[in-house]
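Protein chains in written order, with this note's numbering: chain A, 49 to 593; chain B, 49 to 593.
There are 2 protein chains.
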Amino acid sequence: MKISIAQINYHIGNFEGNLNKMLEAVKKAKSEKADIVCFGELATCGYPPRDFLEFSDFIKRCEDVIESLKMVSNDIAIVVGSPTRNPVPEGKDLFNSAYFLFNQEVVHIQHKALLPTYDIFDEYRYFEIATDFKVVEFKGKKIALTVCEDIWDVDNVNPLYTVCPLDEIQNQQPDFIINVSASPFSFNHSDSRKKIIRKNVLKYGIPMFYINHVGAQTEVIFDGGSIVMSPNGHVYEELKYFEEQQKCFELDEVIKGTQSMEQSMSKTEKIHEALVTGIKDYFGKLGFTKAILGLSGGIDSAVTAVLATRALGKEGVRVLLMPSQFSSDHSVNDARQLAENLGIQYDIIAIKDIYESYMKELKPIFKDLPFNVTEENIQARVRGMLNMALSNKFGNIVLNTSNKSEMAVGYGTLYGDLCGGLSVIGDVYKMEVYELARFMNKDEEVIPWNTIEKPPSAELRPNQKDSDSLPDYDVLDQILYQYIELRKGPAEIIAGGYDEKLVKRILRLININEFKRYQTAPVLRVSIKAFGMGRRMPIVGKYLS
Amino acid sequence: MKISIAQINYHIGNFEGNLNKMLEAVKKAKSEKADIVCFGELATCGYPPRDFLEFSDFIKRCEDVIESLKMVSNDIAIVVGSPTRNPVPEGKDLFNSAYFLFNQEVVHIQHKALLPTYDIFDEYRYFEIATDFKVVEFKGKKIALTVCEDIWDVDNVNPLYTVCPLDEIQNQQPDFIINVSASPFSFNHSDSRKKIIRKNVLKYGIPMFYINHVGAQTEVIFDGGSIVMSPNGHVYEELKYFEEQQKCFELDEVIKGTQSMEQSMSKTEKIHEALVTGIKDYFGKLGFTKAILGLSGGIDSAVTAVLATRALGKEGVRVLLMPSQFSSDHSVNDARQLAENLGIQYDIIAIKDIYESYMKELKPIFKDLPFNVTEENIQARVRGMLNMALSNKFGNIVLNTSNKSEMAVGYGTLYGDLCGGLSVIGDVYKMEVYELARFMNKDEEVIPWNTIEKPPSAELRPNQKDSDSLPDYDVLDQILYQYIELRKGPAEIIAGGYDEKLVKRILRLININEFKRYQTAPVLRVSIKAFGMGRRMPIVGKYLS
């Protein structure tokens, strides 16, 4: 038996586009004499469709795609994820399901039982929990058809769920497992994925075909890396990261485990590729071709500009250099040098005159009140507005250049440097931004070394340095990670050897700045806990603030 | 038996504040010889605590509040909602529970079974579903203790859930029901609430004590209106809307149904009171006292200014009048007249010079490209920046003045008029804004009648009117309501007699403007479907766009 798996970059709600890609893949699978071709979870509509699932019209269009696929399932079985209607009135209206189509008939529909409802996932918002599990009999084989999370509850010490679908189905003696997934990227996710698949194949003694999505849907990035695993726990093949790919496998060979092939990528390279994919698909799926951003001469905007250029090409990126009276010469020079290294269009607009026009109009109200964060913010906002003006005039999207460390502590100006349609490195801590910059420079000096080596500064008042108001980034990042990713409380973090006053100040800064993050662009997610949909905090909360 | 119910304005994560309010209420109940005093759902930490629930430290602090309440439960039983730990490893780590405390002991803990996971609710993100239901025996009575949603699944034709907790508990023959709730306001919610409580008391033939929260937590507003209902389905008493209140009831009298007392408020008055509460608590809970907003002379900013003044007092509101070369004289006059009527501080800053300083700097890049939305947006953003400058300098919060109709179709400038810490009328359609304005003027002319009667205009180019680019608001609002609140698809809406081209254009505008709403301030929720946490849409989605 030959099984073809298709790792596809779907587009939410683009039914025609998704269908066409699947029809192409069916054709290719047929030409390779495959018996089964497999797609991803909710492949008809893309993942995550969010509240579009609450529109009957949207569900109807998913069903139309299934109908079209059914029509071409002569001589080949098609496994494809799609929402289906719950036939009984009790419970949620939908299931998250995998269809098994063959010879223009629906042979089986397997619903999903484990509905991820944490972090960026909201599946219980829409779907009812499946309670029936049945193998599909096809050409003398019994197939355990599963949807994504349904394989993630094996031998867990603290499982999120109370059932394990494959345990339920085991007594029906399946020959192999197909898992249709939409499993988003985080930089350590491909390892977890292999571990959980290995646990499953070893426990049940049968191979698994695991099909993932690839490509980005706004902030959610899929890295691909679909896996075929032999019963001995070896990776028979792992499809490419961040690329569409389709490949056909002979079941007997997979069972024998005659080959072993895995992808290999460092953490920093994975993050780099994920962010490039995130930018490319944000623009591509919205129908835009060109980004604009401000280059300050600092490392954050430099790294963002490089990522944007690698995603959109040098014709796809335009930058503004917007020095103020507080900008150092080296900043402008470093920014210009970077733009020249990348071959991207740049313009210089000094913000002094605009800034002064504000100060003149505000003088009757501000009188002689001293220079403070107000004037710093005005500079940042003038820059934001100039970016937006070019965005409006030329139809570009502004890229936000804030990193995760500053976003965490609110070191950024709302409607100023926090402007932008997409936050590129908002899930990358400052120390990781440095790693990215060095990775980008590994073959040649793309980012001027001076940008990487100088002490970070917002340059919004004379001789300002980040370290004037923040601890060193290596300490800051460690505290942030423990609070944001690990959700430790203050006592636990302090017990790890950090200064009590510092920890309390940092946690307070995080909590009182929820209002800023609430209004920031979607953040490309590369960690297990990014700001945005996956981290939901009350703004008026009084906790640790 | 005497039962005291306490309708309290909790504050998320403010454990000390919440505890102190409850201790006061226990004292009062004791002084009135109550046998039981009842608080709301998750009263220890406030509702909705969102991802704070994922912090062990946060849960520990909830448990500390329970300990403190237990200590004062001598001679009085205390019913209070709080998160509790799930003792078994399988399933989510927490339950959403109601404690029954008496004589310094935990007599019973009832977990919640029906976990709302729709709209603004995310309960299955945190909580395991309860499966055990047991009455509490107390002083010869059997009490069915329930948490919020657990009473909302009675005789539904299309229930969201597969169990009905009171059906499970019925064979234990309870004498009355206590329901600890946190049931957010929407303008038609108090009616639904009474209907569902009535269904329950009539079905089971016993009275119910229903205790709600009051006050706002960022965008989520609780209207109070706690209810004591007799077994005959009459409202024995309904506590006040939008105010804290505590009251003691004699169970026998409630069973007899010797009185009937309901609150009465029109839809517009309810929305008015809800928005005033929303502003007041947003500022109060964040520790701010003064709002700033731009007054354009139009109806949206006028209504917002009146609401702000009613919430914060005239010392608590400051406005900026920021005319451009396109502003009509009457706009400035109407705005000034409103400020004078309200007795609030106003300043006038003409934006022409700042606008021209932008145009001068952009000239080398824009060259002779024609005036378009870019220049309109610059005006809106200069105004936004001036508001933010005063906000920064004087520690005020900017109020956003966009209405739901414009927010829906993207008729607003990101980082311009969409600025602000809180969106006051972002869940109020334009036609409802007019109703609010007329309601405000019912006794005297607060808002100049000219503001209410003139055709709406953004005044960003010569002789501009909203109707140049949008259909009449009465038609627009109807289409928006059907798509947003009723989630009808295009075919259904068109079938209702609306122009096909118009419907498709409007739905497209809604969908392509998700990126703007993603970055807008939290919106005070007064309808069943507000923009924000309760409506989650993909930005790169291609559906209807």
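Every residue, glycine too, gets a C-beta built ideally from N, C-alpha and C.
**Prompt:** Of all the CB atoms in chain B, is at least one closer than 9 Å to the CB of T357 of chain A?
**Reply:** Start at 1 with the first residue of the first sequence, and residue 357 of chain A comes out as number 309. Closer than 9 Å: no.
**DSSP three-state assignment for T499 of chain B, whether helix, strand or coil** = Along the second sequence, one-based indexing puts residue 499 of chain B at 451. Looking at T499 of chain B - three-state DSSP - the assignment turns out to be helix.
**Prompt:** Taking Cβ positions only, does E102 of chain A come closer than 9 Å to chain B?
**Reply:** Counting from 1 along the first sequence, the entry for residue 102 of chain A is found at position 54. Judged by the 9 Å Cβ criterion, E102 of chain A is in contact with chain B.
**Message:** Based on DSSP bridge pairs, tell me the residues matched to R583 of chain B.
**Reply:** Within the second sequence, the letter at position 535 stands for residue 583 of chain B. Beta-bridge pairing links R583 of chain B to B:G580.
**Asked** Does K160 of chain A have its Cβ less than 9 Å from a Cβ in chain B?
**Response** The residue you call residue 160 of chain A lines up with position 112 of the first sequence. No, because no Cβ of chain B sits closer than 9 Å to the Cβ of K160 of chain A.
**Message:** Determine whether the beta carbon atoms of I29 of chain A and S240 of chain A lie at a separation below 9 Å.
**Reply:** With chain A running from 49 to 593 in the structure shown, residue 29 of chain A is simply not present.
**Prompt:** Excluding the five sequence neighbours on either side, which residues of its own chain have a C-beta within less than 7 Å of the C-beta of Q427 of chain A, listed in chain order?
**Reply:** Mapped onto the first sequence, residue 427 of chain A falls at position 379. The answer, listed in chain order, is S372, I399, Y403 and L508.
**Prompt:** Which residues in the same chain have their Cβ closer than 8 Å to the Cβ of Q512 of chain A, if we skip the five residues on either side of it in sequence?
**Reply:** Position 464 of the first sequence holds residue 512 of chain A. F374, S505 and A506.
**Message:** By the three-class DSSP mapping on this structure, what secondary structure does C86 of chain A have?
**Reply:** The residue you call residue 86 of chain A lines up with position 38 of the first sequence. In this structure, C86 of chain A counts as strand in the three-state DSSP scheme.
**Asked** Going straight from the alpha carbon of D167 of chain B to that of V457 of chain B, what length do you get?
**Response** Residue mapping note: residue 167 of chain B aligns to position 119 of the second sequence, counting from 1. Residue mapping note: residue 457 of chain B aligns to position 409 of the second sequence, counting from 1. So the alpha carbons of these two residues sit roughly 21 Å apart.
**Endpoints, beta strand (DSSP E) assigned at D516 of chain B** = Along the second sequence, one-based indexing puts residue 516 of chain B at 468. Per DSSP, D516 of chain B belongs to no beta strand (DSSP E); it is in the alpha helix (DSSP H), D514 to S517.
**Prompt:** Which residues in the same chain have their Cβ closer than 6 Å to the Cβ of A578 of chain B, if we skip the five residues on either side of it in sequence?
**Reply:** Position 530 of the second sequence, counting from 1, holds the residue named residue 578 of chain B. So the list reads D475 and V571, once near-sequence residues are dropped.
**Prompt:** Can you name the residues of chain B whose CB is closer than 7 Å to the CB of G545 of chain A?
**Reply:** Within the first sequence, residue 545 of chain A is the residue found at index 497, counting from 1. Correct list: empty, because the minimum Cβ distance to chain B is about 18 Å.
**Message:** I'd like the ranges of any beta strand (DSSP E) spanning at least 3 consecutive residues and lying wholly in the region 172-206 of chain A.
**Reply:** 184-186 and 189-195
**Prompt:** Using a beta-carbon distance cut-off of less than 9 Å, what residues from the region 430-441 of chain B approach chain A?
**Reply:** Hits within the stretch, in order: V430, G432, M433, L434, M436, A437, L438, S439, N440 and K441.
**Request:** Name the two residues that bound the continuous beta strand (DSSP E) containing M313 of chain B.
**Result:** Within the second sequence, the letter at position 265 stands for residue 313 of chain B. First-last for M313 of chain B: undefined, no H or E at that position.
**Message:** Check whether the region 435-443 of chain B and the region 408-426 of chain A touch, using three or more Cβ-Cβ pairs below 8 Å as the test.
**Reply:** yes
**Item:** Reduced DSSP secondary structure (H/G/I, E/B, other) of I259 of chain B
**Value:** For the purposes of this step, residue 259 of chain B is identified with residue 211 of the second sequence, where counting begins at 1. Looking at I259 of chain B - three-state DSSP - the assignment turns out to be strand.
**Request:** Label T165 of chain B either buried or exposed according to how many other C-beta atoms from any shown protein chain fall within 10 Å of its C-beta, with 16 as the threshold for buried.
**Result:** As a working note, residue 165 of chain B is residue 117 in the second sequence. Under this definition T165 of chain B is a buried residue.
**Request:** Using a Cβ cut-off of 8 Å, pull out every chain A residue sitting near T422 of chain B, in sequence order please.
**Result:** Locating residue 422 of chain B in the second sequence gives position 374, counting from the first residue. Correct list: A437, N440 and K441.
**Prompt:** Shortest alpha-carbon distance to T316 of chain B belongs to which of B:S575, B:H378, B:S593 and B:Q55?
**Reply:** Counting from one through the second sequence, the residue named residue 316 of chain B turns up at place 268. Proximity to T316 of chain B across B:S575, B:H378, B:S593 and B:Q55 peaks at B:S575, based on C-alpha coordinates.
**Nearest-angstrom Cα separation, counted from G263 of chain A out to Y330 of chain A** = Within the first sequence, the letter at position 282 stands for residue 330 of chain A. Within the first sequence, the letter at position 215 stands for residue 263 of chain A. Distance between the alpha carbons of Y330 of chain A and G263 of chain A is about 10 Å.
**Message:** In whole angstroms, give me the CA-to-CA distance for I51 of chain A and F297 of chain A.
**Reply:** For this step, residue 51 of chain A is matched to residue 3 along the first sequence. For this step, residue 297 of chain A is matched to residue 249 along the first sequence. So the two alpha carbons sit approximately 5 Å from each other.
**Chain-ordered residues of the region 137-158 of chain B with a beta carbon less than 7 Å from chain A** = Of all residues in the region 137-158 of chain B, P137, E138, G139 and K140 have a Cβ within less than 7 Å of some Cβ in chain A.
**Message:** Closest to K588 of chain B by C-alpha separation, out of A:G335, A:R556 and A:S121, would be which residue?
**Reply:** Locating residue 588 of chain B in the second sequence gives position 540, counting from the first residue. Lys is not the amino acid found at residue 588 of chain B; the sequence shown has Val there. The residue among A:G335, A:R556 and A:S121 with its C-alpha nearest the C-alpha of V588 of chain B is A:G335.
**Item:** 9 Å Cβ cutoff met for M70 of chain A and I107 of chain A
**Value:** Start at 1 with the first residue of the first sequence, and residue 70 of chain A comes out as number 22. Start at 1 with the first residue of the first sequence, and residue 107 of chain A comes out as number 59. No, they are not a contact pair.
**Prompt:** Can you name the residues that DSSP bridges to M277 of chain B?
**Reply:** Residue 277 of chain B sits at position 229 when you count from the first residue of the second sequence. Bridge partners of M277 of chain B: B:M256 and B:V283.
**Request:** Note down, in chain order, every chain B residue with its Cβ under 7 Å from the Cβ of P213 of chain A.
**Result:** Here residue 213 of chain A corresponds to residue number 165 of the first sequence, with the count starting at 1. Here the premise fails: no neighbours, minimum Cβ distance about 14 Å.
**Request:** Return the CA-CA distance between Y289 of chain B and Q311 of chain B, expressed in angstroms with no decimal places.
**Result:** Stepping through the second sequence from its first residue, residue 289 of chain B is reached at position 241. Stepping through the second sequence from its first residue, residue 311 of chain B is reached at position 263. Looking at the two C-alpha atoms, the distance is approximately 8 Å.
**Message:** I need the DSSP call for D170 of chain A, collapsed to helix, strand or coil.
**Reply:** For the purposes of this step, residue 170 of chain A is taken as the residue at position 122 of the first sequence. Note: D170 of chain A maps to coil in three-state DSSP.
**Request:** State the CB to CB distance for the pair E111 of chain A and K160 of chain A, rounded to an integer number of angstroms; the pair is presumed to be in contact (CB under 8 Å).
**Result:** As a working note, residue 111 of chain A is residue 63 in the first sequence. As a working note, residue 160 of chain A is residue 112 in the first sequence. Not confirmed; about 17 Å, so no contact.
**Item:** CB contact check: L592 of chain B to chain A, cutoff 9 Å
**Value:** By 1-based counting over the second sequence, the position of residue 592 of chain B is 544. It does: the Cβ of L592 of chain B has a partner Cβ on chain A nearer than 9 Å.
**Item:** First through last residue of the alpha helix (DSSP H) which encompasses Y566 of chain A
**Value:** Position 518 of the first sequence, counted from the start, is the residue given in the question as residue 566 of chain A. Start and end: E562 to Y566.
**Message:** Less than 8 Å between C-beta atoms, sequence neighbours within five positions excluded: which residues of the same chain meet that for E493 of chain A?
**Reply:** In the first sequence, counting from the first residue as 1, residue 493 of chain A sits at position 445. N389, listed in sequence order.
**Asked** DSSP on L101 of chain A, reduced to helix/strand/coil?
**Response** Indexing the first sequence from 1 puts residue 101 of chain A at position 53. Residue state, collapsed to three classes: helix.
**Prompt:** Looking at the structure shown, is G272 of chain A part of a helix, part of a strand, or coil, going by DSSP?
**Reply:** To locate residue 272 of chain A, count along the first sequence from 1; it is residue 224. Three-state result, G272 of chain A: strand.
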